[in-house]
Amino acid sequence: MLHDNQWDDEFPQDPHICYLNHAAVAPWPKRAADAVTAFARENIHQGARDYPRWVQLEHKLRGQFQTLLNAPSKLDIALVKNTSEALSFVAMGLDWTAGDEVLLSDQEFPSNRIPWEALENQGVCVRQVSLDTEDPEAALIAAMGPATRLLSISSVQYASGLRMDLQRLGRACRERDVLFCVDAIQSIGALPLDVQAIDCDFAMADGHKWLLGPEGLGVFYCRKEVRDRLKLTQYGWHMVEALGDYDREDWVPASSARRFEPGSPNTLAQHALSASLELLLEVGAERIQQALQQRTAYLLQSIAALPGARILSPTTPERRAGIVTFTFAGIDNATLYKQLMDAGVICAARGGGIRWSPHFYTPQSVLDKALTILRDLLQHNKKQSH
Ligand SMILES: Cc1ncc(COP(=O)(O)O)c(C=O)c1O
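Residue numbering for the sequence shown is 29 to 414, as defined by the numbering used here.
Okay, here's the thing in structure tokens:
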């Protein structure tokens, strides 16, 4: 039994819904909604009178991301629109030569494939390495050759939930002088991620999944030593070193990662996301990971015990994160997905299966109710097919 009602205030549960879709778009904690409400009221009554406070909040958010990622400095953190934008900053910013190679896995979400494939007209070769092996890191490392310039990989694969050994990959990249880029959207907020320990050059994520924030505001970590290697692809008043000196005609890009933020920030989303990160930092990455592992272990065990179940996610703790994907022999996946959604089990159809993704706070009662609904649907479908 999970001891979990301490989160009821932050995550009041709708009795008609079992929310198991944090790997897609997560609910907000109450404090994020409160922050947005307060910000809206402030805007109605005072407009931007207290803009300096908003700027302070932006600094706070950078600091929160610095802590969350263990980045060496706040200056390494850019606030971006989403993961795709940050990946595009890297892909479009590096100086490529025809024949250069980018390595990806064969399980990446399109955000971590399309920006690299867009380089093919410059003669860049994109190679997808199969992760369907006992030792996926070994397969990626073995694929690195003299032309490999960069490895871009999701920390956790979006469909299967396979968790990568980033430290091992980071070490291999450094030894071979290969740049290391991590799409971290399926892990930060769910698992600890230390950009220094894994020795990555770039890491990015959006706020609307495991970070429990709204869509449209994400983070881009760019290692200081490689910042100048990215040519800029977006320009505006906010990305210059002398921010706020509007009379000045000459300009240089900010020396910090703010150079990747061309214009007015998303202050509304910043208020929400900062509140969500405050909660995650209060709970602590280790505790979150532990609570999530308990929940995924419980789901894996319970689903695997159902007749005809096939688990598509890794089952060992070091290989899994917050994603449990499964199918049932003889049951049409699309039909089962629709039935689950209609019954209030909010989940996703991914990678040929049903993907359930709880978070650290998901109550035991929600897991049990979703499992009962699943069991009932399986029985119903079996009866129908006879
Ligand atoms: C691995 C991965 N990368 C990126 C994204 C989405 O990226 P963006 O923040 O650009 O919407 C997703 C969303 O499902 C994802 O699973």
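All residues carry an ideal CB built from backbone N, CA and C; glycine is no exception. These figures come from a predicted structure and were not determined experimentally.
Answer yes or no: do residue i and residue j have a C-beta to C-beta separation smaller than 8 Å?
i: Ser180; j: Trp144; result: yes
i: Ala300; j: Gly241; result: yes
i: Ala270; j: Trp279; result: yes
i: Arg191; j: Arg383; result: no
i: Leu328; j: Thr343; result: yes
i: Leu239; j: Leu305; result: yes
i: Ala167; j: Leu159; result: yes
i: Ile359; j: Gly336; result: yes
i: Asp134; j: Val154; result: no
i: Gln224; j: Asn98; result: yes
i: Pro290; j: Gln41; result: no
i: Ile351; j: Gly189; result: yes
i: Arg257; j: Leu85; result: no
Which residues in the same chain have their Cβ closer than 7 Å to the Cβ of residue i, if we skip the five residues on either side of it in sequence?
i: Pro345; result: Gln321
i: Phe248; result: Ala106, Val108, Ala114, Phe117, Met232, Ala285, Phe288
i: Lys88; result: Ser302
i: Asn140; result: Leu115, Leu132, Ser180, Ser182, Asp211
i: Glu276; result: Here residue 276 is Arg; the residue named in the question, Glu, does not match the sequence. Contacts found: Ala270.
i: Ala357; result: Gly336, Arg338
i: Val64; result: Leu296, His299, Ala300
i: Glu136; result: Ser182
Have a look at the options and flag the residue whose alpha-carbon is nearest the alpha-carbon of residue i.
i: Asp211; options: Tyr365, Leu132, Thr125, Arg348; result: Leu132
i: Thr125; options: Ser158, Gly151, Asp104; result: Gly151
i: Gln94; options: Pro220, Ala66, Ala51; result: Pro220
i: Phe354; options: Ile216, Leu364, Ile339; result: Ile339
i: Ala218; options: Leu405, Ser385, Ser283; result: Ser385
i: Asp62; options: Leu309, Leu296, Ile331, His50; result: Leu296
i: His387; options: Ile45, Asn49, Pro40; result: Asn49
i: Glu129; options: Glu148, Gln135, Ala377, Phe137; result: Glu148
i: Gly127; options: Val83, Pro174, Asn110, Glu86; result: Pro174
i: Lys259; options: Asp273, Asp275, Ala282; result: Ala282
i: Ile216; options: Tyr79, Tyr274, Ala76, Ala51; result: Ala51
i: Ile45; options: Val394, Glu86, Leu399, Arg403; result: Val394
i: Gly272; options: Val64, Asp42, Pro80; result: Pro80
i: Leu402; options: Arg251, Gly75, Ile331, Arg77; result: Ile331
i: Met172; options: Ala76, Leu122, Asp205; result: Asp205
i: Leu399; options: His414, Ala357, Thr324; result: Thr324
i: Ser341; options: Ala170, Gly235, Val64, Val184; result: Val184
i: Asp234; options: Asp193, Gln298, Thr176, Asp222; result: Gln298
i: Asp222; options: Ile142, Pro100, Thr176; result: Pro100
Buried or exposed, going by whether 16 or more other CB atoms sit within 10 Å of the CB of residue i?
i: Lys237; result: buried
i: Trp265; result: exposed
i: Glu6; result: Residue coverage of the chain in this structure runs from 29 to 414, which leaves residue 6 outside it and unanswerable.
i: Tyr186; result: buried
i: Pro55; result: buried
i: Gln34; result: exposed
i: Pro138; result: exposed
i: Tyr47; result: buried
i: Val53; result: exposed
i: Glu203; result: exposed
i: Leu334; result: exposed
i: Ser292; result: exposed
i: Ala66; result: exposed
i: Ala313; result: buried
i: Arg251; result: buried
i: Ala319; result: buried
i: Pro164; result: buried
i: Asp104; result: buried
Skipping 5 residues on each side, what residues in its chain have a beta carbon closer than 6 Å to that of residue i?
i: Met120; result: Thr261
i: Gly416; result: Residue 416 is absent from the structure shown; the chain starts at 29 and stops at 414.
i: Ile169; result: Ala200
Can you give me the Cβ contacts of residue i inside the same chain, cut-off strictly under 8 Å, excluding the 5 residues immediately before and after it?
i: Leu405; result: Leu364, Gln367, Leu368, Ala371
i: Glu38; result: Pro57, Lys58, Arg59, Leu307, Tyr389
i: Asp227; result: Gln195, Gly198, Arg199, Cys201, Arg202, Phe208
i: Leu309; result: Gln92, Thr95, Leu96
i: Asn3; result: Residue 3 is absent from the model: the chain starts at 29 and stops at 414.
i: Val254; result: Leu207, Asp229, Phe230
i: Asn294; result: Leu107, Lys109, Gly244, Leu245
i: Tyr274; result: Trp265
i: Tyr263; result: Pro290
i: Ala76; result: Trp82
- Query: Touch check for the region 62-74 and the region 401-410: three-plus C-beta pairs under 8 Å?
  - Reply: no
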